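A short write-up of the structure that comes next.
Numbering (my numbering), first residue to last: 7 to 457.
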């Protein structure tokens, strides 16, 4: 992929846009959704259906400066133990309202650092989860693993609990970059943890790596990617580092004069992208790569790839339930988010109620526009026939939406009899093109750079 000069003219290098892991995006959630709506939506889940479950563990032993996630540092196990008890109580509350026979198509523990939990805490939390709902046949239990914060006992506990996919955060292997972003993690340590994971029969391994980091250059990111490839991950997320110090105060520790320019960010992405493609990985969406035999690559080929708050997924369950502070749930009716702080969340759960404090009820063209955006983010195309068959709309309305986007991006997009297409040369613009279908005012929130 060459750097088309039209990318600059259309604003790729100076525009901020949502990442579109939901529609509408979280800044547009409001107080119209609370514990009552959340409870009703859970009770409306069909009996004997499959749902996804996400557990958020917000604690870290150290706070990496690059991270903008909702996390808090702790040097003591006491708040972690107390939080796990809150999660167990929340799961019991869920069990009281969840219809009969529901099974888990996906279970994901994220954070923060889930592997901060001791082996007994891991075992107890897993038992609490499966007392609510068992895994479905072919279900996937994944956990985010920090190589700096895991040991044999915790890996044994995760394997015994049924974890069958592990996700390792790499970011970059260069020592200078690691020091600058506050995340020192050697290649040797990462390799050893990957080997220990596989030694326990867990064959599916994900890895995250970042482009656009301070001090990052083409040779440096190439070296990190080549080191990562020696670990042979099944999937890789190649995320663009989002420098948002107005949202994450810890990012103020990172000197801005060491950051690559937007044009350099695109070159860094392209360097890493080519290395993954040369090694036989399938390009998935705007920032993922997978081995051809991996479920994500198969979902892409089958046209069933989806996007949610964890990024790309092959999980097609219509319900994602989030447990823990700040977790977001998605239902056919809308989105619901738990209280952001552990104190507020714990207070609600101890009082016997969910901590839902904001969300969004779908209305108007939300589902139609959301599907267009998801299809473009996943497949770089959207089917006109699918929209007409699956949503309350008309051909003239769909054509109008397509024309508006075509007027904004000209020949960088294509409108055909079949639908709307983003050709390969325009794929760096995908998030910007998706915004053309967004009916909400994106000026209300400060988003990350388009590249």
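Beta carbons: idealized from backbone N, C-alpha and C, even for Gly. Because the structure is a prediction, the values reported are computed rather than measured.
Who are the near neighbours of residue i in its chain, counting only those whose CB is closer than 7 Å to its CB and skipping five residues on each side?
| i | result |
| --- | --- |
| residue 19 | 268, 269, 457 |
| residue 354 | 345, 360, 361 |
| residue 126 | none |
| residue 153 | 174, 191, 195, 196, 199 |
| residue 440 | 26, 379, 382, 383 |
| residue 408 | 421, 426 |
According to DSSP, is residue i part of a helix, a strand, or is it coil?
| i | result |
| --- | --- |
| residue 4 | A query on residue 4 cannot be resolved here, the shown segment of the chain reaching from 7 to 457 and no further. |
| residue 162 | helix |
| residue 17 | coil |
| residue 29 | coil |
| residue 147 | strand |
| residue 393 | helix |
| residue 453 | coil |
| residue 408 | helix |
| residue 89 | helix |
| residue 294 | strand |
| residue 154 | helix |
| residue 80 | coil |
| residue 215 | strand |
| residue 260 | coil |
| residue 199 | helix |
| residue 106 | coil |
| residue 129 | helix |
| residue 246 | strand |
| residue 265 | coil |
| residue 430 | helix |
| residue 275 | helix |
| residue 169 | coil |
| residue 54 | coil |
| residue 46 | helix |
For residue i and residue j, what's the separation of their Cα atoms in angstroms?
| i | j | result |
| --- | --- | --- |
| residue 7 | residue 392 | Interpretation of residue 7 is limited by its pLDDT of 49, a score under 50 that renders its predicted location unreliable; the figure taken from the coordinates is listed afterwards. So the alpha carbons of these two residues sit roughly 29 Å apart. |
| residue 387 | residue 83 | 48 Å |
| residue 184 | residue 80 | 21 Å |
| residue 469 | residue 320 | There is no way to answer for residue 469, as the model of the chain reaches only from 7 to 457. |
| residue 397 | residue 266 | 42 Å |
| residue 429 | residue 97 | 45 Å |
| residue 455 | residue 378 | 21 Å |
| residue 302 | residue 309 | 10 Å |
| residue 138 | residue 49 | 14 Å |
| residue 349 | residue 333 | 14 Å |
| residue 436 | residue 169 | 34 Å |
| residue 399 | residue 40 | 29 Å |
| residue 342 | residue 442 | 25 Å |
| residue 272 | residue 46 | 45 Å |
| residue 135 | residue 115 | 11 Å |
| residue 413 | residue 432 | 15 Å |
| residue 401 | residue 390 | 8 Å |
| residue 329 | residue 314 | 15 Å |
| residue 140 | residue 165 | 16 Å |
| residue 204 | residue 420 | 44 Å |
| residue 434 | residue 15 | 13 Å |
| residue 36 | residue 207 | 44 Å |
| residue 95 | residue 101 | 10 Å |
| residue 62 | residue 148 | 12 Å |
| residue 406 | residue 395 | 17 Å |
| residue 163 | residue 370 | 46 Å |
Once you ignore the five residues that flank residue i on each side, which residues in its own chain have a CB closer than 6 Å to its CB?
| i | result |
| --- | --- |
| residue 132 | 167 |
| residue 238 | none |
| residue 34 | 446 |
| residue 277 | 224, 227, 228 |
| residue 231 | 278, 281 |
| residue 106 | 53 |
| residue 352 | 92 |
Within 10 Å of its beta-carbon, does residue i have 16 or more other beta-carbons around it, so buried, or fewer, so exposed?
| i | result |
| --- | --- |
| residue 284 | exposed |
| residue 24 | buried |
| residue 196 | buried |
| residue 410 | exposed |
| residue 194 | exposed |
| residue 261 | exposed |
| residue 31 | buried |
| residue 306 | buried |
| residue 417 | exposed |
Between residue i and the rest of its own chain, which residues show a CB-CB distance below 8 Å, the 5 nearest in sequence each way excluded?
| i | result |
| --- | --- |
| residue 65 | 77, 78, 79, 80, 85, 86, 89, 117, 118, 119, 122 |
| residue 221 | 180, 182, 183, 186, 264 |
| residue 29 | 372, 375, 376, 379, 380, 444 |
| residue 202 | 158, 161 |
Would the C-beta of residue i count as close to the ligand MN, meaning under 7 Å from any of its heavy atoms?
| i | result |
| --- | --- |
| residue 447 | This structure does not include the ligand MN; it has no bound ligands of any sort. |
Is the shortest distance between the beta-carbon of residue i and the beta-carbons of chain C less than 8 Å?
| i | result |
| --- | --- |
| residue 431 | Within the model displayed, chain C is absent; a lone protein chain is all it includes. |
task: May I ask you to verify whether the region 238-247 touches the region 213-222, counting CB pairs closer than 8 Å and requiring at least 3?
output: Yes, the region 238-247 touches the region 213-222.
message: Between the region 95-112 and the region 311-329, can you find at least three pairs of beta-carbon atoms closer than 8 Å?
response: Under the 8 Å Cβ criterion, the region 311-329 counts as touching the region 95-112, having at least three qualifying pairs.
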